[in-house]
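Report on the following structure.
Pasting the structure below:
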């Protein structure tokens, strides 16, 4: 069971890592004359440098900086393209065209990333040591989730207005550039490219990190006790991600498949989390209350139904 769990975490994060690296490379390919494969290597090298740092605080500062770039870039892009507000509000009414289910699952997979559950729990233990810090943890989490929702919304609005409303099918950063620049100018193109790069770069760092934290945690090994094992896990994830990124695959296809895989794994992660959060032995007086269980169960049901539906459609 331990081997199966370790394999699932490592391979799942490795698949996602390929999407992260390709996404970041597409962003830079969008705003520079250099090839996407060159940027794949550069991003992988930058991720290696960051992951190889022994100070967690430095990694945290790098991630915060990248998230800042991503947030500002996508929000400014939305302002520049001036989307139709009526259509935005209409878009908040749920609709589920059967042909869009894989994309819906991919969007959920990239917004509620399963490995973030592992990474956040590990990061919390590093940053906060006492139960008295719980209020700070909650504030940090609320801010992170809200920011993630805003960024995801900005990406969807930008993509819908700049690309899909124009009836364009896009498969590369070059095609994105060709569509963005004539419609909204070079500033929108640069901002969107920077946002895409920052989004891919942050995840290219966090996916290997999360796999290493989760895997060593399952094995009962502290990072400081055996750093070489911790390093081995993130190297595997980064290496596999780099290898897949260098294959001649359609970039957007790689990203969507990677995120859809996340969406399929998410129910397993949320069910496991609910079980742990209701265990008095682990959680004590902080275990889930009724309201938290209802919300958690509803979220789990939604992602499970979407995941099962997509699996059924693959074989029908």
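Numbering (the numbering used here), first residue to last: 186 to 501. Note that beta-carbon positions come from the ideal geometry of N, C-alpha and C, so glycine has one too. These figures come from a predicted structure and were not determined experimentally.
- With fewer than 16 other beta carbons inside 10 angstroms of its own, residue 242 counts as exposed.
- Along the length of the region 410-494, whole alpha helix (DSSP H) runs at least 4 residues long occupy 412-430, 436-462, 465-468, reported in chain order.
- Close CB contacts of residue 195 within its chain, under the 8 Å cut and outside five residues either way in sequence, are with 396, 400, 418, 421, 422 (chain order).
- In this structure, the alpha-carbon of residue 345 lies about 41 Å from that of residue 403.
- Closest in C-alpha terms to residue 332, from the list 461, 252, 319, comes 252.
- When only Cα atoms are considered, residue 434 and residue 202 end up about 15 Å apart.
- For residue 254, same chain residues with a beta-carbon under 7 Å away, outside a window of 5 residues either side, are 379, 383 in chain order.
- Counting along the chain, no alpha helix (DSSP H) covers residue 406, and no H or E run does either.
- Each residue's CA atom was taken as its position, placing residue 456 and residue 200 some 21 Å apart.
- About 26 Å separates the CB atoms of residue 398 and residue 212; that is not less than 8 Å, and the two are not in contact.
- Assignment of residue 214 by DSSP, reduced to helix, strand and coil, places it in the helix class.
- Each residue's CA atom was taken as its position, placing residue 472 and residue 482 some 15 Å apart.
- Between residue 426 and residue 206, the beta carbon gap of about 5 Å places them in contact (Cβ cut-off 8 Å).
- Counting only runs of 4+ residues, the alpha helix (DSSP H) found wholly inside the region 291-340 occupies 299-312, in chain order.
- In this structure, residue 468 lies away from residue 459, with their beta-carbon atoms at least 9 Å apart.
- Cβ neighbours of residue 372 within its own chain (closer than 7 Å, five residues either side excluded): 265.
- Residue 330 counts as exposed, since fewer than 16 other beta carbons sit within 10 angstroms of its beta carbon.
- The residues 485, 488, 489, 492, in chain order, have a CB closer than 7 Å to that of residue 452 in the same chain once the five nearest residues on each side in sequence are set aside.
- The beta carbon of residue 321 is closer than 8 Å to those of 313 in its chain, skipping five residues each way along the sequence.
- In the three-state reduction of the DSSP assignment, residue 192 falls in the helix class.
- When rounded, the separation of the alpha-carbon atoms in residue 302 and residue 244 is 18 Å.
- Exposed is the label assigned to residue 316, since fewer than 16 other Cβ atoms lie within 10 Å of its Cβ.
- Here residue 230 is actually not in contact with residue 389; their C-beta atoms are around 11 Å apart, not less than 8 Å.
- Residue 262 places its beta carbon less than 9 Å from that of residue 343.
- In the three-state DSSP reduction, residue 272 falls in the helix class (H, G or I).
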